[in-house]
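Under numbering that gives the first Met the number 0, the final residue of the sequence shown carries the number 147; numbering is consecutive throughout.
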Amino acid sequence: MAEWSVGRVAKRCGVRVSTLHFYEEKGLISSFRNSGNQRRYKADVIRRVSVIKAAQKMGISLASIAEAFATLLDQRTPTQRDWQRLSSKWQQELNTRIAYLERLRDSLTGCIGCGCLSMKNCPIYNHEDKLVSEGPGPVLLDKLMKQH
Ligand code: FES
């Protein structure tokens, strides 16, 4: 079994050593001590860290990542099937996120009801910032994003 030092894992994954310690504290990855009492990782930690980074980029919370990772047994290297099971847990979350981002993309060209009155169509949708009575922030955008 190949043993990886924390520095080597950090370098290969493009993360700080402190990030690995943080992931470990959160139970997302685990290490062991070698005969010299040095912290070491199994090679599959690289894949775990890579998946954590990718999932975070997609906006999946660390809590959700930890929950999904709990299905991967620590005692052995996860198989393709293990990863398949894990990714199916995220499918609904990712679909919801994709739909949200599509709505956001399609809404940003019009008035979002933020009070700036800087767009041509603001007087139609938010005359004299009447939407301020409904609360702070981009009222129209918030409403749209909550609809689904
Ligand atoms: S975009 Fe800000 S109020 Fe219309």
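We put the CB at the ideal spot given by N, CA and C, even for glycine.
Residue ranges of uninterrupted alpha helix (DSSP H) with 4 or more members, entirely inside the stretch 106–139 and ordered along the chain, are 121–124.
One thing to note: Ile64 has its Cβ within 8 Å of the Cβ of Ile51. In the three-state reduction of the DSSP assignment, Lys25 falls in the coil class, being assigned neither a helical nor a strand state. Beta-bridge analysis with DSSP links Lys41 to Glu2. CA-to-CA, the gap between Ser86 and Leu139 works out to about 33 Å.
A distance criterion of 7 Å places the beta-carbon of Cys113 in contact range of the ligand FES, judged by its closest non-hydrogen atom. Taken through DSSP and simplified to helix, strand or coil, Arg96 comes out as helix. Here Phe31 is bridged, per DSSP, to Arg39. Nearest in C-alpha terms to Ala9, of all of Arg102, Ala42 and Ala98, is Ala42.
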